[in-house]
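Residue 250 in our numbering sits at position 158 of the sequence shown, and the numbers go up by one each step.
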Amino acid sequence: MIDKKVIEEIVVNILKKEGITSKGAKPTLLVICSEDPEENTLEILRQHWRITILDPANDEVPFGTNQAVFLDVNQDLLVKGALGIADTKESLFFSKLVMQESKIQFVPSAALNWLLHSSDGYPSNSSYKDLLSNYCEILRGFGVSFLSIEEIVPEEVPTTFYAQKNIPNYEGKLLTQDVVKTWQKKEIYITKKTIVTPLARDVARELKIEIHKSES
């Protein structure tokens with residue numbers, strides 16, 4: 093009978109040849125932009141995320157999207173998003189994300205950079221500034237964050253969030269015993285395509301960690 097450790101080593105080696113490892117799995121971030129983002133912007137995001145770039149003209153929100161960022165957000169999206177108006181491809185896609193309770197980040201355009209740094213381009217008309225600031229507060233009530241590219245980093249999400257939405261919190265292609273041994277929670281939610289090695293299941297059983305697989 094083949095030893096389970098040998099089986100795991102064989103699987104790991106096969107996946108390594110395909111450029112897949114069980115370590116360093118990053119959370120997925122949906123990047124919404126009408127124009128191709130600058131490579132420097134993508135490099136910053138890739139430090140923390142596995143990014144998927146999507147044109148807002150896309151009709152459907154990818155399954156399992158729980159983190160999304162809109163780049164170069166202009167005043168049109170700011171106002172329409174706050175008022176619930178969905179008559180452009182950006183505002184319509186935004187409304188879909190809000191409806192499914194995705195966590196959304198807005199990276200303001202240069203004209204709205206004062207939202208992040210009030211000393212930069214601050215509107216002279218205080219009443220108009222207050223109006224736009226009020227729209228920002230409405231958006232924050234929807235769960236929207238206003239951040240610079242450098243500030244968009246993953247945060248710890250409660251395991252119950254994944255359980256309620258059936259969203260994976262481990263997105264690696266291979267779940268090994270080493271991953272399970274260092275897992276800090278009592279539940280692991282994996283993707284439908286994630287391979288679980290026999291030793292990983294044994295360790296999970298010993299540590300009383302439940303492994304759940306997404307059905308979609």
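Where is the CB? At the ideal position from N, CA and C, for every residue including glycine.
Because the structure is a prediction, the values reported are computed rather than measured.
{"Asked": "Rounded straight-line distance, which links the Cα of Asp168 to that of Arg293", "Found": "50 Å"}
{"Asked": "Opposing strand residues paired with Ile143 [DSSP bridges]", "Found": "Leu121"}
{"Asked": "6 Å CB neighbourhood of Glu182 in its chain, flanking five on each side removed", "Found": "Pro148, Leu169"}
{"Asked": "Ala160 vs Ile124 beta-carbon contact at 8 Å", "Found": "yes"}
{"Asked": "Cβ-based burial, Val65 [other Cβ within 10 Å; buried from 16]", "Found": "Because residue 65 is not part of the residues shown, which for the chain are 93 to 308, the question remains open."}
{"Asked": "Test item: CB-CB of Gln269 and Leu239 under 8 Å", "Found": "no"}
{"Asked": "Gly116, buried or exposed, once every other Cβ within 10 Å from all chains shown has been counted against 16", "Found": "Low confidence applies here, because Gly116 scores a pLDDT of 46, under 50, leaving its location unreliable; read the following figure in that light. Looking at its Cβ environment, which holds fewer than 16 other Cβ atoms inside 10 Å, Gly116 is exposed."}
{"Asked": "Whole runs of the alpha helix (DSSP H) within the segment 125-199, excluding any shorter than 4 residues", "Found": "131-138, 167-175, 181-191"}
{"Asked": "Straight-line gap, Ser216 to Ile136 (C-alpha atoms, nearest Å)", "Found": "33 Å"}
{"Asked": "Residue range of the unbroken alpha helix (DSSP H) whose run includes Tyr227", "Found": "218-233"}
{"Asked": "C-alpha gap between Ala203 and Ile282, whole angstroms", "Found": "41 Å"}
{"Asked": "Straight-line gap, Asp222 to Gly173 (C-alpha atoms, nearest Å)", "Found": "17 Å"}
{"Asked": "Supposed close pair Lys278, Ile301 - CB separation, criterion 8 Å", "Found": "6 Å"}
{"Asked": "Bridge partners - His304, DSSP secondary structure assignment", "Found": "Tyr281"}
{"Asked": "Assigned exposure category for Phe162 - 16 Cβ within 10 Å defines buried", "Found": "buried"}
{"Asked": "Endpoints, beta strand (DSSP E) assigned at Val245", "Found": "Taken as a continuous stretch (DSSP letters only), Val245 belongs to no beta strand (DSSP E), as it is neither H nor E."}
{"Asked": "Contact check, Lys309 vs Val295, beta carbons under 8 Å", "Found": "Not covered by the structure: residue 309. The range shown for the chain is 93 to 308."}
{"Asked": "Backbone secondary structure at Lys208 - three-state DSSP", "Found": "Sequence inspection shows Leu at residue 208; the Lys mentioned does not correspond to that position. Three-state result, Leu208: coil."}
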